[in-house]
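*Asks:* Chains G and U are the protein sequences, given in the same order. Just add 57 to wherever you are in the first sequence, counting from 1, and you've got this note's numbering. Just add 57 to wherever you are in the second sequence, counting from 1, and you've got this note's numbering. What follows is a structure written as structure tokens; I'll ask about it next.
There are 2 protein chains.
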Amino acid sequence: MSGFVTPGLEVAVVGATGLVGTEMLAILAERRFPVHSLRLFASPRSEGRVLTWGGADLTVEVLRPGCFDGVDLVLMEVESDISREWAPVAARAGAVVVDNSSAWRMDDTVPLVVSEVNPHALDDHAGIVANPNCTTMVLMPALKPLDAAFGLERLVVSSYQAVSGSGVAGIRALAEEEAKFGDDLDALRRSGSAGIGAAQDVYPRPIAHNAIPQCDAFVDDGTDETKEERKLVAESRKILELPDLRVAATCVRVPVVSGHSMTVNAEFREPVTAAAAAEVLAAAPGVVLAETRESYATAFEVAGRDGSFVSRLRDDESSPNTVDFFVVGDNLRKGAALNCVQLAEVLVERGKLTLH
Amino acid sequence: MSGFVTPGLEVAVVGATGLVGTEMLAILAERRFPVHSLRLFASPRSEGRVLTWGGADLTVEVLRPGCFDGVDLVLMEVESDISREWAPVAARAGAVVVDNSSAWRMDDTVPLVVSEVNPHALDDHAGIVANPNCTTMVLMPALKPLDAAFGLERLVVSSYQAVSGSGVAGIRALAEEEAKFGDDLDALRRSGSAGIGAAQDVYPRPIAHNAIPQCDAFVDDGTDETKEERKLVAESRKILELPDLRVAATCVRVPVVSGHSMTVNAEFREPVTAAAAAEVLAAAPGVVLAETRESYATAFEVAGRDGSFVSRLRDDESSPNTVDFFVVGDNLRKGAALNCVQLAEVLVERGKLTLH
């Protein structure tokens, strides 16, 4: 059976050979997205590679002038500087770009959208739509309905972020470091990770058997935040449409392959109990709430699954109108590829992309 | 050179063959603790094993009536139920017991002490002294001087706890699960940890490539806290002598061999800045403060080292009088064995144990 349909869209995936790009292609097929034609782009290193999608062999191309002519939808998963250069090219060629880099997220003319949270923002796009950072993304489907019900005032968030957030290079760094230990229990007992050293240049410390309180680089404005922490704060405010939301965020990389977890302490304007919050979350789109305190989801269970999985929801006795919870989501699925495809679906639903 | 000296103490280590017991023996030697004689106890499984300490071969014994006769100091590293039975036996025999289980920590007649934080509490002991939980321990040396300077009001703490906190079994579970992956990058890419399954019964979920929001069992009082979270709250209040301290804690197990890390959001009564807090922490005993934002310590660097390593100290813009920081310590050293030996040293210094 072919994955190509009429009526459908002329679709391009840029960064098609990476971790998120691979996931995008899988999700387009899984969800039977109306693809009429598909073009794949990647860096020159991958030029000429042949990938199979929807029963057809497709040759990977490189970006060049005119490459987006006739394309309706571009799913773009590239570094920010590449996106800054090529997303406007695609938009000028008449395509809608759903971009997963950080290049456009805080641009006032670019909607930053989580499909279940603020789909209406897509109506104002001017050719480019931004997909949030994978950490922010996991959190938003849980916070939006809680904000609507109780009025969100402040967040204290700590993350447990997977290495796949750094692409294949992150997974490879972890695998190489772990392989050095093998199953030498004595070496592990003696030294923890000491003496092993970091594989490659992906992380500023070894990641195997470690927790690194730095995701992405530090910002350059005199504060001691990292860019990842800054993104979590700024993107949450934009997506939730709460420009004054107070957020304390600490982002930590852990030796998890896929699945970003967070502990969340959320303070509200209105009185809230864990029971009332549970009622809201049980009905929230994109949220899967654990039924018992023991049935929490972890990165292990959510790999390859859609949704933000909330658990450990409890009254915070240290502060009024406050609850604590744990949330985890597959950073490659909802955190990246899935939401990109969902945004494209919403664009179709809302008449912003027309099948032909 | 013999490690045995006169004048010294008749010392017993109970649980001498475990992870923390092994560390206790190493630390007694490293710090040239005044050991006149040393007796080693463990479970029947280890009876008759011969360990070398201070140039002598020592045979591991099992606990039996009269076994503590003539002993001055017992360092006890056993399960709570064993401690509940045997610590009073040792105390009645005239020994001072430094106990690392949770059996006695919240007993009003038992001092719960971090050597740099509340050594004066040792003066009131009645034969048993309690060593705090390894997570609490790492946090206290940083919080005590901050409380003294600014008046601690509230904490939001999230932990990143190492498997060695569960003893050799925890390390073995992690090693076995990781060995199943080997360096199969494709398997890692495909599935994260999915399909691997948990090794043994140590943790309620696989620990390799995972973050488990449950340390220890859940409490049985209708709240959804774990015992580890409850310990962190109750022990912090007792050690800091702040019975009304407000604490929101979420304890998470991560695939780290040794080194418990925490993110800490600390709110004070008095105005505080990161700069003022840094000045206090730079002078605090038992605290090592990172000099730059990039020079943070991680579990990797602190394995086998003493002290609580503080970094990422910054002003919290989401709340007045609040700072955020990251702290990590070796849970087997300061978190357990080191503080036990330090408490014994303080008992000697304060005349509560007399060399002979």
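Note that beta-carbon positions come from the ideal geometry of N, C-alpha and C, so glycine has one too.
When we look at the beta-carbon of residue 274(G) and count the other beta-carbons within 10 Å, is it buried (16 or more) or exposed?
*Replies:* When all chains shown are included, residue 274(G) counts as exposed.
*Asks:* Taking C-alpha atoms, which residue in 143(G), 218(G), 399(G) and 125(G) lies nearest to residue 152(G)?
*Replies:* Cα-wise, what sits closest to residue 152(G) is 125(G).
*Asks:* Do residue 292(U) and residue 166(U) have their C-beta atoms closer together than 7 Å?
*Replies:* Taking 7 Å as the Cβ cut-off, residue 292(U) and residue 166(U) do not qualify as a contacting pair.
*Asks:* Assign residue 227(U) to buried or exposed, taking buried as 16 or more other Cβ atoms, counted over all protein chains shown, within 10 Å of its Cβ.
*Replies:* Looking at its Cβ environment, which holds 16 or more other Cβ atoms inside 10 Å, residue 227(U) is buried.
*Asks:* Taking 7 Å as the CB-CB cut-off, is residue 134(G) touching chain U?
*Replies:* No, no contact with chain U.
*Asks:* List the residues of chain G that residue 268(U) touches, going by C-beta distances under 7 Å, in chain order.
*Replies:* In chain order: 217, 311, 313, 318, 355 and 356.
*Asks:* Counting only runs of 3+ residues fully inside the stretch 273 to 314 of chain G, write out the beta strand (DSSP E) ranges in chain order.
*Replies:* Those beta strand (DSSP E) runs which fall completely within the stretch 273 to 314 of chain G and span 3+ residues are 303 to 307.
*Asks:* Please compile the residues from chain G whose C-beta is within a distance smaller than 7 Å of the C-beta of residue 280(U).
*Replies:* Within chain G, the residues near residue 280(U) are 371.
*Asks:* In the structure shown, what three-state DSSP assignment does residue 98(G) receive?
*Replies:* Three-state result, residue 98(G): strand.
*Asks:* Does any residue of chain U bring its CB to less than 7 Å from the CB of residue 375(G)?
*Replies:* Answer yes: the Cβ-Cβ gap between residue 375(G) and chain U drops below 7 Å somewhere.
*Asks:* Please decide whether residue 275(U) counts as near chain G, where near means a Cβ-Cβ distance under 7 Å.
*Replies:* Yes - at least one Cβ of chain G is within 7 Å of the one on residue 275(U).
*Asks:* Is the stretch 179 to 188 of chain G close to the stretch 94 to 104 of chain G, with three or more CB pairs under 8 Å?
*Replies:* Judged by Cβ distances under 8 Å, the stretch 179 to 188 of chain G makes no contact with the stretch 94 to 104 of chain G, as fewer than three pairs qualify.
*Asks:* Counting only beta-carbon atoms, is residue 237(U) nearer than 7 Å to chain G?
*Replies:* Answer no: the Cβ-Cβ gap between residue 237(U) and chain G never drops below 7 Å.
*Asks:* Give the secondary structure of residue 163(U) by DSSP, where H, G and I count as helix, E and B as strand, and everything else as coil.
*Replies:* Three-state result, residue 163(U): coil.
*Asks:* Do residue 344(U) and residue 387(U) have their beta-carbon atoms positioned less than 7 Å apart in this structure?
*Replies:* Contact flag unset, no.
*Asks:* From the DSSP output, which residues share a beta bridge with residue 81(G)?
*Replies:* DSSP output for residue 81(G) lists no bridge partner at all.
*Asks:* Nearest to residue 75(G) by CA position, among 88(G), 66(G), 104(G) and 64(G), is which residue?
*Replies:* Looking at the Cα atoms, 104(G) is the closest of the given residues.
*Asks:* Any C-beta of chain U sitting closer than 7 Å to the C-beta of residue 70(G)?
*Replies:* Not one chain U Cβ lies under 7 Å of residue 70(G).
*Asks:* With DSSP collapsed to three states, give me the class of residue 17(G).
*Replies:* This structure gives no information on residue 17(G), because the portion of chain G shown stretches from 58 to 413.
*Asks:* With respect to the beta strand (DSSP E) encompassing residue 139(U), which residues constitute its N-terminal and C-terminal limits?
*Replies:* Not the beta strand (DSSP E): residue 139(U) falls in the alpha helix (DSSP H), residues 137 to 149.
*Asks:* Three or more beta-carbon pairs under 8 Å between the stretch 366 to 377 of chain U and the stretch 317 to 335 of chain U, yes or no?
*Replies:* At 8 Å Cβ cutoff, the stretches touch.
*Asks:* At a CB-CB cut-off below 7 Å, which residues of chain G make contact with residue 322(U)?
*Replies:* Within chain G, the residues near residue 322(U) are 213 and 305.
*Asks:* Name the chain U residues whose beta carbon is nearer than 8 Å to that of residue 368(G)?
*Replies:* Going along chain U in sequence order, the residues near residue 368(G) (Cβ under 8 Å) are 270.
*Asks:* As an exercise, report each continuous beta strand (DSSP E) stretch of at least 3 residues that is fully enclosed by the stretch 340 to 404 of chain U, in chain order.
*Replies:* The stretch 340 to 404 of chain U contains these whole beta strand (DSSP E) runs: 344 to 346, 365 to 372 and 379 to 386.
*Asks:* Let's test the definition: count the other Cβ atoms within 10 Å of the Cβ of residue 127(G) and tell me whether it reaches 16, buried, or not, exposed.
*Replies:* The residue is exposed, with fewer than 16 neighbouring Cβ atoms inside 10 Å.
*Asks:* DSSP three-state call for residue 211(G): helix, strand or coil?
*Replies:* Residue 211(G): strand per DSSP, three-state reduction.
*Asks:* Are there three or more Cβ pairs, one per stretch, closer than 8 Å when the stretch 299 to 314 of chain G is compared with the stretch 202 to 220 of chain G?
*Replies:* With the cut-off at 8 Å, the stretch 299 to 314 of chain G and the stretch 202 to 220 of chain G touch.
*Asks:* What does the alpha-carbon distance come out to for the pair residue 355(G) and residue 65(G)?
*Replies:* In a straight line, the C-alpha of residue 355(G) is about 37 Å away from that of residue 65(G).
*Asks:* Quick check on this structure: which residue in 225(U), 238(U), 412(U) and 408(U) has the alpha carbon closest to the alpha carbon of residue 229(G)?
*Replies:* Among 225(U), 238(U), 412(U) and 408(U), the Cα nearest to that of residue 229(G) belongs to 238(U).
*Asks:* Does the stretch 288 to 305 of chain G touch the stretch 188 to 204 of chain G, meaning 3 or more C-beta pairs lie closer than 8 Å?
*Replies:* The stretch 188 to 204 of chain G, when compared against the stretch 288 to 305 of chain G, does touch it at the 8 Å Cβ threshold.
*Asks:* Whose C-alpha, out of 202(G), 233(G), 88(G) and 134(G), is nearest the C-alpha of residue 187(G)?
*Replies:* Residue 134(G) is the option with its Cα nearest to residue 187(G).
*Asks:* Can you tell which of 235(U), 392(U), 155(U) and 276(U) has the C-alpha that lies nearest to the C-alpha of residue 405(U)?
*Replies:* Of the listed residues, the one whose Cα sits closest to residue 405(U) is 155(U).
*Asks:* At a CB-CB cut-off below 7 Å, which residues of chain U make contact with residue 350(G)?
*Replies:* Within chain U, the residues near residue 350(G) are 275 and 281.
*Asks:* So what does residue 113(U) bridge to, in DSSP terms?
*Replies:* BP columns for residue 113(U) point to 110(U).
*Asks:* Does the distance from the CB of residue 77(U) to the CB of residue 305(U) come in under 7 Å?
*Replies:* No, these two residues do not count as a Cβ contact at 7 Å.
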